[in-house]
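Some notes on the structure that comes next.
There are 2 protein chains.
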Amino acid sequence: MHNRLQLSATVEREADLRYTPAGIPVLEMWLRHQSRQPQAGIERDVSCEIQAVLIGDGAPRWAGKLTGQCIAVSGFIAQRSLRNPRLVLHIEHVELIKG
Amino acid sequence: MHNRLQLSATVEREADLRYTPAGIPVLEMWLRHQSRQPQAGIERDVSCEIQAVLIGDGAPRWAGKLTGQCIAVSGFIAQRSLRNPRLVLHIEHVELIKG
Chain Z
2 MHNRLQLSAT VEREADLRYT PAGIPVLEMW LRHQSRQPQA GIERDVSCEI
52 QAVLIGDGAP RWAGKLTGQC IAVSGFIAQR SLRNPRLVLH IEHVELIKG
Chain U
2 MHNRLQLSAT VEREADLRYT PAGIPVLEMW LRHQSRQPQA GIERDVSCEI
52 QAVLIGDGAP RWAGKLTGQC IAVSGFIAQR SLRNPRLVLH IEHVELIKG
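Heads up: the protein sequence lines correspond to chains Z and U, in order. Just remember that my numbering sits 1 ahead of the position in the first sequence, which is counted from 1. Just remember that my numbering sits 1 ahead of the position in the second sequence, which is counted from 1.
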């Protein structure tokens, strides 16, 4: 089943690096996206905010380096928890976009 | 700026086809996704619900035919409105997945 989001965004805020009880590093962040997208023959302004999380080896590598940066990310979306349907992007790949 | 979501999902509900004041057809629907995705060395169950909208020529072509179907869609995500930050998938391409 496909589930893949590719997004360019600015990192508005990063949480402190934390570890799961099993010792896996977790870095949560909040992304803001703005672009123009073609739709039904016109260009429309598109914006959104999405919470994102980087789990595993990438988390300590990027921790503290992302706030304010423009990044290109890809990963899958999932609801935050069984009780919270808010969408979270689980980042599989991240790279900085040069300004 | 990249903004592209590819998702396989079941259509839980479809709204009635409507038209904007400019006469552009709009079909709103609600999608449920379930899959397993690899993360930090393990497979995790992933699920989410996302509202989606098909705007333009595709809307009347698919109206009334999607509820209960499994589909593969791609498009961009945007917040619902200036005041409502909920994410909506703007569908650019849809195809039925054979069961």
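Every residue, glycine too, gets a C-beta built ideally from N, C-alpha and C. Since this is a predicted model, take the numbers as computed values, not measurements.
Check	Outcome
For V27/Z and A60/Z, the rounded distance between their alpha carbons	6 Å
Residue span of the beta strand (DSSP E) that contains A16/U, given as start and end	Run containing A16/U: none; DSSP gives neither H nor E here.
Selected residue, minimal CA-CA separation from G24/U, among D17/U, I56/U, I72/U and R87/U	I56/U
beta-carbon S36/Z near the ligand GTP non-hydrogen atom, thresh 7 Å	In terms of ligand content, the structure shown is empty, and the ligand GTP therefore cannot be addressed.
For A1/Z, the three-state DSSP class (helix, strand or coil)	With chain Z covering 2 to 100 only, the question about residue 1/Z has no answer from this structure.
Reduced DSSP secondary structure (H/G/I, E/B, other) of G42/Z	coil
Exposed unless 16 or more other CB atoms sit within 10 angstroms - verdict on H34/Z	buried
Extent of the continuous beta strand (DSSP E) run through G76/Z	C71 to Q80
Distance, H91/U Cα to S48/Z Cα	12 Å
Cut-off 7 Å between Cβ atoms - residues of its own chain near L67/U, not counting five sequence neighbours on either side	V12, E15 and M30
Nearest candidate by alpha-carbon position, reference M2/U, set H94/Z, V89/Z, D58/Z and Q38/Z	Q38/Z
C-beta contact flag for A53/U and L32/U at 8 Å	yes
Residue-level contact to chain Z via CB, A73/U, 8 Å cutoff	yes
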